[in-house]
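To start, the structure under review is shown below, and the notes come after it.
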Amino acid sequence: QKEVEQNSGPLSVPEGAIASLNCTYSDRVSQSFFWYRQYSGKSPELIMSIYSNGDKEDGRFTAQLNKASQYVSLLIRDSQPSDSATYLCAVANYGQNFVFGPGTRLSVLP
Amino acid sequence: GAVVSQHPSRVICKSGTSVKIECRSLDFQATTMFWYRQFPKQSLMLMATSNEGSKATYEQGVEKDKFLINHASLTLSTLTVTSAHPEDSSFYICSASTGAKDEQFFGPGTRLTVL
Chain A
2 QKEVEQNSGP LSVPEGAIAS LNCTYSDRVS QSFFWYRQYS GKSPELIMSI YSNGDKEDGR
62 FTAQLNKASQ YVSLLIRDSQ PSDSATYLCA VANYGQNFVF GPGTRLSVLP
Chain B
2 GAVVSQHPSR VICKSGTSVK IECRSLDFQA TTMFWYRQFP KQSLMLMATS NEGSKATYEQ
62 GVEKDKFLIN HASLTLSTLT VTSAHPEDSS FYICSASTGA KDEQFFGPGT RLTVL
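Keeping their order, the protein sequence lines are chains A and B.
Positions in the first sequence are counted from 1; adding 1 to them yields this note's numbering.
Positions in the second sequence are counted from 1; adding 1 to them yields this note's numbering.
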């Protein structure tokens with residue numbers, strides 16, 4: 002059973018701080034990694050994808066991938082209350098075995 | 002780009018009726034579409050994967066005769082919940098993929114309430 006694990010949270014950070022979200026996965030051959038944001042009552046929205054080891058930055062978001070450790074993370078700089086949501090980590094292997102983690106609930110306190 | 006629509010956004014029906022949900026990729030051709038279900042405060046659960054022109058592949062525990070999936074074209078997939086019961090009440094979400102880079106783009110979801 003291929004698994005993706007995340008801390009359920011809630012993770013609470015003050016406004017303006019850096020939020021750090023972590024994800025581990027079990028399938029060593031995974032090649033594609035995603036972070037989705039899901040607001041309560043809404044569907045997931047893709048915010049970052051990463052395919053190579055290292056960091057990928059997009060605005061206030063930075064995804065970090067370490068395939069050797071089977072670990073992917075998302076950093077949110079200058080956190081805003083509007084970032085409060087559930088963040089889903091997802092892992093895939095060339096169109097196969099797309100698996101979502103259970104999500105981490107982030108709360109940014111004003 | 003990568004916009005996926007779903008219709009209806011919300012449906013309330015009586016127990017025993019069938020409900021059809023449409024999922025459309027508006028600005029790209031989707032080689033694969035996925036159907037998920039999400040109960041309150043729970044994670045997404047993949048129900049089935051469908052490729053255009055092929056039979057859907059259902060996840061273990063999902064009744065294929067109850068959840069009928071048709072993927073008639075590269076831009077349209079439908080999910081029909083047959084003989085719906087209150088326990089089928091949930092948030093149903095579709096996603097679509099071009100196959101490139103494994104990315105999935107989600108529709109806005111359909112909230113089904115079965116009375």
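Note that beta-carbon positions come from the ideal geometry of N, C-alpha and C, so glycine has one too.
Remember, it's a predicted structure, so these values are computed and weren't measured experimentally.
A/P45 places its beta carbon 8 Å or farther from that of A/Y52. At a beta-carbon threshold of 7 Å, the residues of chain A lying near B/I94 are S44, ordered along the chain. By the Cβ criterion, the segment 85-105 of chain A is not in contact with the segment 58-66 of chain B, since fewer than three pairs of Cβ atoms, one from each stretch, lie closer than 8 Å. When C-alpha distances from B/G110 are compared across A/Q39, A/V109, A/A18, A/A20, the shortest belongs to A/Q39. Here A/V14 has A20, S80, L107, S108, V109, L110 as same chain residues with Cβ atoms under 8 Å from its own Cβ, once five neighbours each way along the sequence are excluded. The Cβ of B/Q61 sits no closer than 8 Å to any Cβ of chain A. When DSSP states are grouped into helix, strand and coil, B/A73 belongs to the strand group.
Excluding residues up to 5 positions away in sequence, N23, T105 lie with their Cβ nearer than 7 Å to the Cβ of A/N8 in the same chain. Among the CB atoms of chain A, one or more fall inside 8 Å of the CB of B/L45.
In the three-state reduction of the DSSP assignment, A/D79 falls in the coil class, being assigned neither a helical nor a strand state. Counting only runs of 3 or more residues that sit fully inside the segment 62-109 of chain B, the beta strand (DSSP E) segments are 68-74, 77-82, 91-98, in chain order. Just measuring C-alpha positions, the residue of B/C95, B/L47, B/V4 sitting nearest B/T79 is B/C95. For chain B, the residues of the segment 58-90 of chain A that bring a beta carbon within less than 8 Å of one of its beta carbons are L89, in chain order.
Apart from sequence neighbours up to five positions away, the residues of its chain that approach B/V115 with a beta-carbon distance below 7 Å are C14, S16, A85, H86, P87, D89, S90, ordered along the chain. Residue state for A/D59 is assigned as strand, using DSSP reduced to three classes.
Under the 8 Å criterion on CB atoms, A/S50 is classed as interfacial with respect to chain B. Residues of chain A with a Cβ closer than 8 Å to the Cβ of B/P109 are, in chain order, K43, S44. Scanning chain A for C-beta atoms nearer than 8 Å to the C-beta of B/K102 yields S33, S50, Y52, reported in chain order. Residue nearest to B/T33 within the set B/R25, B/C24, B/T50, B/S44 is B/T50 (criterion: CA-CA distance). Our two residues, A/R78 and A/G17, have alpha carbons roughly 7 Å apart in a direct line.
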